[in-house]
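Note that our numbering has the sequence shown beginning at 1, numbered continuously upward. From the three backbone atoms N, C-alpha and C, an ideal C-beta is built for every residue, glycine too.
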Amino acid sequence: MKYISTRQQEQTNIKTAILKGLADDGGLFMPEYIPQLDSEFFENLPNLSLQEIGFRVAKEFLGESISDNNLKEIIDEVLNFEIPAVKISDNIYSLELFHGPTMAFKDVGARFMARMMSYFSEGKPMKVIAATSGDTGSAVASGFFGVPGIEVYILYPKGKVSPLQEKQLTTWGGNIKALEIDGTFDDCQALAKQILSDEELNLKFTLTSANSINIARLIPQSFYYFWAFAQLQKFGKPIVFSVPSGNFGNLTAGLFAKKMGLPVYQFIASTNENDVVPKFLETGNYQAKPSKQTISNAMDVGNPSNFERMKSLFNNDVSEFKRYIESYSFSDEETKLAMRKVKDEFDYTLDPHGAVAYLGIEKYSEKSNEDFVGVLLETAHPAKFVEVVEDVLKEKVIIPEKLEAFNKKDKQSVEFSADFESVKNYLIEEK
Numbered sequence: 001m002k003y004i005s006t007r008q009q010e011q012t013n014i015k016t017a018i019l020k021g022l023a024d025d026g027g028l029f030m031p032e033y034i035p036q037l038d039s040e041f042f043e044n045l046p047n048l049s050l051q052e053i054g055f056r057v058a059k060e061f062l063g064e065s066i067s068d069n070n071l072k073e074i075i076d077e078v079l080n081f082e083i084p085a086v087k088i089s090d091n092i093y094s095l096e097l098f099h100g101p102t103m104a105f106k107d108v109g110a111r112f113m114a115r116m117m118s119y120f121s122e123g124k125p126m127k128v129i130a131a132t133s134g135d136t137g138s139a140v141a142s143g144f145f146g147v148p149g150i151e152v153y154i155l156y157p158k159g160k161v162s163p164l165q166e167k168q169l170t171t172w173g174g175n176i177k178a179l180e181i182d183g184t185f186d187d188c189q190a191l192a193k194q195i196l197s198d199e200e201l202n203l204k205f206t207l208t209s210a211n212s213i214n215i216a217r218l219i220p221q222s223f224y225y226f227w228a229f230a231q232l233q234k235f236g237k238p239i240v241f242s243v244p245s246g247n248f249g250n251l252t253a254g255l256f257a258k259k260m261g262l263p264v265y266q267f268i269a270s271t272n273e274n275d276v277v278p279k280f281l282e283t284g285n286y287q288a289k290p291s292k293q294t295i296s297n298a299m300d301v302g303n304p305s306n307f308e309r310m311k312s313l314f315n316n317d318v319s320e321f322k323r324y325i326e327s328y329s330f331s332d333e334e335t336k337l338a339m340r341k342v343k344d345e346f347d348y349t350l351d352p353h354g355a356v357a358y359l360g361i362e363k364y365s366e367k368s369n370e371d372f373v374g375v376l377l378e379t380a381h382p383a384k385f386v387e388v389v390e391d392v393l394k395e396k397v398i399i400p401e402k403l404e405a406f407n408k409k410d411k412q413s414v415e416f417s418a419d420f421e422s423v424k425n426y427l428i429e430e431k
């Protein structure tokens with residue numbers, strides 16, 4: 001299968017798409033078509049393990065670029081933790097994506113990507129660039145830590161990630177470098193794209209992206225939509241996924257699953273006050289704008305990268321967007337009220353991002369008046385946002401040992417203004 005830039009000026013194979021991350025024309029790589037899974041796969045879906053699902057789905061995108069044995073080994077290593085669908089109420093389930101090493105959903109995509117890059121790079125030196133609004137950086141750091149020949153540079157917005165998230169970004173050392181940018185996530189993302197497309201840097205180094213810009217992040221994130229469906233289809237009701245959305249990689253992966261044949265009834269793109277996609281679906285006009293800081297900080301994105309992939313999937317037709325996606329935005333106050341409600345009524349602790357997803361299901365239910373199973377993607381352990389959760393719920397949050405270990409380490413970061421030339425010079429001097 002060929003991989004084609006969303007801007008149509010470049011096409012390549014999966015190996016190059018993964019190793020480059022961003023196309024030379026500034027676009028994002030997409031498969032030339034979305035592969036279809038056969039009816040036998042779906043009939044057998046409830047009997048398959050998460051690892052078996054992952055292998056089958058990944059094989060459709062990777063083809064003969066990797067042997068079955070190597071791919072199975074990678075999938076088994078990546079998916080070595082549980083992803084349970086936990087009941088909150090009669091018709092609402094939380095797909096807990098936080099049982100991996102850094103306790104955030106991005107462990108799935110980042111671990112897969114790290115192993116695929118290591119496999120395809122064959123030990124050749126690379127610089128991996130990742131902008132983060134919170135959890136991407138720690139998952140990327142964990143996935144790539146100690147990988148020979150790969151240096152990782154994580155750009156994060158100063159003062160705009162939680163204290164524990166910052167410790168998870170800045171305490172690795174070794175081949176992991178944390179760049180603390182005096183700006184917003186959008187500034188970090190813009191810097192990452194400038195780095196990846198800079199001619200001089202590309203002549204000096206092999207550069208690639210570890211954000212959801214990279215197709216290797218999205219392919220594995222589609223796995224858990226199939227897995228959730230396998231666990232919940234026994235109820236015989238339509239299944240609706242509410243996805244807390246910032247850069248929209250997680251939702252785009254769900255759309256991949258749907259286009260592969262997974263009978264998802266509806267997607268809900270649940271956002272905080274950074275509402276460019278809800279506004280687009282309402283008006284038909286996409287207007288990027290500066291991001292606002294909220295308590296669900298991983299979604300503080302004013303110009304989501306993967307909107308470009310979504311446009312490609314839907315031929316830039318707003319009516320096609322609306323067929324697949326409902327989208328709502330919620331304030332911090334609404335998010336806090338949802339966290340309290342779910343804790344008081346169902347004794348379940350949501351992190352702020354999961355609470356936004358819960359609100360999306362509630363709003364969709366009021367609007368649709370249908371009987372369905374709602375699945376919210378709980379993207380991070382509540383302890384990663386301990387200050388917010390404890391303040392909202394007025395009770396102590398137990399911090400798991402694998403998170404507490406980061407608090408005991410010393411921060412190591414290099415501070416920069418949101419200035420491309422200073423970051424570029426640092427990368428050159430770092431060689």
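With DSSP collapsed to three states, give me the class of residue i.
i	result
GLY354	helix
SER209	strand
PHE105	coil
LYS322	helix
SER5	strand
TYR156	strand
LYS193	helix
THR16	helix
ALA23	coil
ALA257	helix
THR335	helix
VAL128	strand
Given that a residue counts as buried once 16 or more other Cβ atoms are within 10 Å of its Cβ, and exposed if not, what is residue i?
i	result
THR283	exposed
TYR33	exposed
ASP107	buried
ARG323	exposed
ILE398	exposed
GLN412	exposed
ASN211	buried
ILE428	exposed
GLN189	buried
SER133	buried
ASP187	buried
VAL264	buried
GLU40	exposed
ASP90	exposed
GLU415	exposed
Alpha carbon to alpha carbon, what distance is there between residue j and residue i?
i	j	result
ALA357	ALA269	8 Å
MET116	LYS204	23 Å
ARG340	VAL392	7 Å
LEU37	ILE53	11 Å
LEU350	PRO84	15 Å
GLN194	ASN214	15 Å
ILE74	PHE112	7 Å
VAL318	ASN247	18 Å
SER5	SER417	31 Å
THR136	LYS237	33 Å
LEU19	ASP300	27 Å
GLY123	LYS367	53 Å
Within a Cβ cutoff of 7 Å, which residues of the same chain sit near residue i, ignoring the five residues on either side of it in sequence?
i	result
VAL388	ILE295 and PRO352
Going along the chain, which residues of its own chain have a beta-carbon closer than 6 Å to the beta-carbon of residue i, five neighbours each way excluded?
i	result
GLY143	ALA110, ARG111 and ALA114
LYS2	GLN11 and GLU32
Sorted by chain position, which residues of the same chain lie with C-beta nearer than 8 Å to residue i's C-beta, five sequence neighbours on each side aside?
i	result
PHE321	PHE280, LEU281, MET310 and PHE314
THR171	PHE406, LYS409, ASP410, LYS411 and GLN412
### Message
With three or more beta-carbon pairs closer than 8 Å as the criterion, would you say the segment 269-286 touches the segment 46-61?
### Response
no
### Task
Report yes or no: do the segment 89-108 and the segment 176-190 share at least 3 C-beta pairs separated by less than 8 Å?
no
### Query
Just checking, does the segment 232-244 make contact with the segment 331-348 on the three C-beta pairs under 8 Å criterion?
no
### Task
Check whether the segment 158-165 touches the segment 119-139, taking contact to mean three or more Cβ pairs, one atom from each stretch, closer than 8 Å.
yes
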